[in-house]
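Read through the structure below, which is laid out as structure tokens, and then see the notes.
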Amino acid sequence: AQTVTQSQPEMSVQEAETVTLSCTYDTSESDYYLFWYKQPPSRQMILVIRQEAYKQQNATENRFSVNFQKAAKSFSLKISDSQLGDAAMYFCAYRSYRYNNNDMRFGAGTRLTVKP
Amino acid sequence: EPEVTQTPSHQVTQMGQEVILRCVPISNHLYFYWYRQILGQKVEFLVSFYNNEISEKSEIFDDRFSVERPDGSNFTLKIRSTKLEDSAMYFCASLELAGGPREQYFGPGTRLTVT
Numbered sequence: 005a006q007t008v009t010q011s012q013p014e015m016s017v018q019e020a021e022t023v024t025l026s027c028t029y030d031t032s033e034s035d036y037y038l039f040w041y042k043q044p045p046s047r048q049m050i051l052v053i054r055q056e057a058y059k060q061q062n063a064t065e066n067r068f069s070v071n072f073q074k075a076a077k078s079f080s081l082k083i084s085d086s087q088l089g090d091a092a093m094y095f096c097a098y099r100s101y102r103y104n105n106n107d108m109r110f111g112a113g114t115r116l117t118v119k120p
Numbered sequence: 605e606p607e608v609t610q611t612p613s614h615q616v617t618q619m620g621q622e623v624i625l626r627c628v629p630i631s632n633h634l635y636f637y638w639y640r641q642i643l644g645q646k647v648e649f650l651v652s653f654y655n656n657e658i659s660e661k662s663e664i665f666d667d668r669f670s671v672e673r674p675d676g677s678n679f680t681l682k683i684r685s686t687k688l689e690d691s692a693m694y695f696c697a698s699l700e701l702a703g704g705p706r707e708q709y710f711g712p713g714t715r716l717t718v719t
């Protein structure tokens, strides 16, 4: 079974600075998808960024980028120019490529605090 | 932009009662899911549903739980004989196609409180 590990329960960053959130996963599959979701106090799950495992290029979405290391099974999220609105829980998630096993597996989350 | 909706936003029930949580997935999506998040913990998969039947379920989804798509739009989660430990946020999600990198779209969640 696939497992996702987020080893940082809490992180803090100064506004306008850069922060990196860590995620590792365990799988025997070669094709899969990885996601970062943001959960603000409203508890809505909001997609931040996605990465296809077959792509070597790291995904980027504006201030958000990932460092995907497939061999190391590592998928970290970098937030540049942090803003107060970035404060939230961040969940790393894995989804299998197989069409009949496509539920999301989530890590325990990292609570990000942004200091003004 | 299309979105997944869930009702109610908050449900309070007494232990032993039955509750039904409702979801309206995005209209052209074919795969539907329920997830649970106990306060302060990670999001956990409960069940996936495709072509009017359960595709996969986790060990959390015991025989007190059931899902149904009673019409072309709603997707419901029923919990019978509720327990205190069922108190959690329940998220519905939908996916257009199983193949491809598209993410599951999550609803805003229903907070279930069992007293």
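Chains A and B, in that order, are what the protein sequence lines are.
Numbering-wise, this note's numbering comes out as the position in the first sequence, counting from 1, plus 4.
Numbering-wise, this note's numbering comes out as the position in the second sequence, counting from 1, plus 604.
Backbone N, C-alpha and C define an ideal beta-carbon position, used for all residues, glycine too.
### Task
For chain B, find out if any of its Cβ atoms is closer than 9 Å to the Cβ of Leu116 (chain A); answer yes or no.
No Cβ of chain B is located within less than 9 Å of the beta carbon of Leu116 (chain A).
### Query
Since Ala2 (chain A) contacts Val8 (chain A) with CB under 8 Å, what's their CB separation in whole angstroms?
Residue 2 (chain A) falls outside the range modelled here, since chain A spans only 5 to 120, and no answer is possible.
### Message
Would Trp40 (chain A) and Phe72 (chain A) qualify as a contact pair, given that the criterion is a beta-carbon distance under 9 Å?
### Response
It is not a contact, given that the beta carbons lie outside the stated cut-off.
### Query
At what residue ranges does the stretch 630-662 of chain B contain a whole run of the beta strand (DSSP E), taking only runs of 3 or more?
Runs of the beta strand (DSSP E) inside the stretch 630-662 of chain B: 635-641, 647-654 and 657-661.
### Task
Give a yes or no on whether the C-beta atoms belonging to Phe68 (chain A) and Lys82 (chain A) are separated by under 9 Å.
Taking 9 Å as the Cβ cut-off, Phe68 (chain A) and Lys82 (chain A) qualify as a contacting pair.
### Query
Taking one C-beta from the stretch 606-613 of chain B and one from the stretch 709-716 of chain B each time, how about it: are there three or more such pairs within less than 8 Å?
The stretch 606-613 of chain B vs the stretch 709-716 of chain B: in contact.
### Query
In three-state terms, what does DSSP make of Leu88 (chain A)?
DSSP places Leu88 (chain A) in helix when its eight states are reduced to three.
### Task
With DSSP as the reference, label Asp30 (chain A) as helix, strand or coil.
Per DSSP, reduced to three states, the secondary structure at Asp30 (chain A) is strand.
### Query
Mind checking Gln55 (chain A): buried by the 16 CB within 10 Å criterion, or exposed?
The residue in question, Gln55 (chain A), is buried, as its Cβ has 16 or more Cβ neighbours within 10 Å.
### Query
Does the beta carbon of Arg668 (chain B) come closer than 9 Å to any beta carbon on chain A?
Not an interface residue.
### Simplified DSSP assignment, three categories, for Leu116 (chain A)
Strand at Leu116 (chain A).
### Task
Could you tell me the distance, in whole angstroms, from the CA atom of Met693 (chain B) to the CA atom of Gln48 (chain A)?
Each residue's alpha carbon lies about 10 Å from the other.
### Message
Does chain E have any CB closer than 9 Å to the CB of Asp107 (chain A)?
### Response
No chain E appears in this structure, whose protein chains are A and B.
### Task
Given a cut-off of 9 Å, decide if Glu707 (chain B) and Leu701 (chain B) are closer than it, judged by their beta-carbon atoms.
Cβ distance not < 9 Å, so Leu701 (chain B) and Glu707 (chain B) don't count as in contact.
### Query
What do you reckon, are the CB atoms on Glu660 (chain B) and Val651 (chain B) nearer than 9 Å?
Result yes, Cβ atoms of Glu660 (chain B) and Val651 (chain B) sit closer than 9 Å.
### Message
Let me see if you follow: with CB-CB separation under 9 Å, is Tyr130 (chain A) close to chain B or not?
### Response
There is no way to answer for residue 130 (chain A), as the model of chain A reaches only from 5 to 120.
### Query
Looking at C-alpha atoms only, which residue of B:Leu688, B:Asp690 and B:Gly676 is the closest neighbour of Leu634 (chain B)?
For Leu634 (chain B), the nearest C-alpha among the options comes from B:Gly676.
### Query
With burial defined as no fewer than 16 other Cβ atoms inside 10 Å of the residue's Cβ, what is the status of Tyr58 (chain A): buried or exposed?
Looking at its Cβ environment, which holds fewer than 16 other Cβ atoms inside 10 Å, Tyr58 (chain A) is exposed.
### Cβ shell of Asn62 (chain A) (< 8 Å), same chain only, five flanking positions each side left out
Around Asn62 (chain A): Gln55, Ser69, Val70, Asn71 and Phe72.
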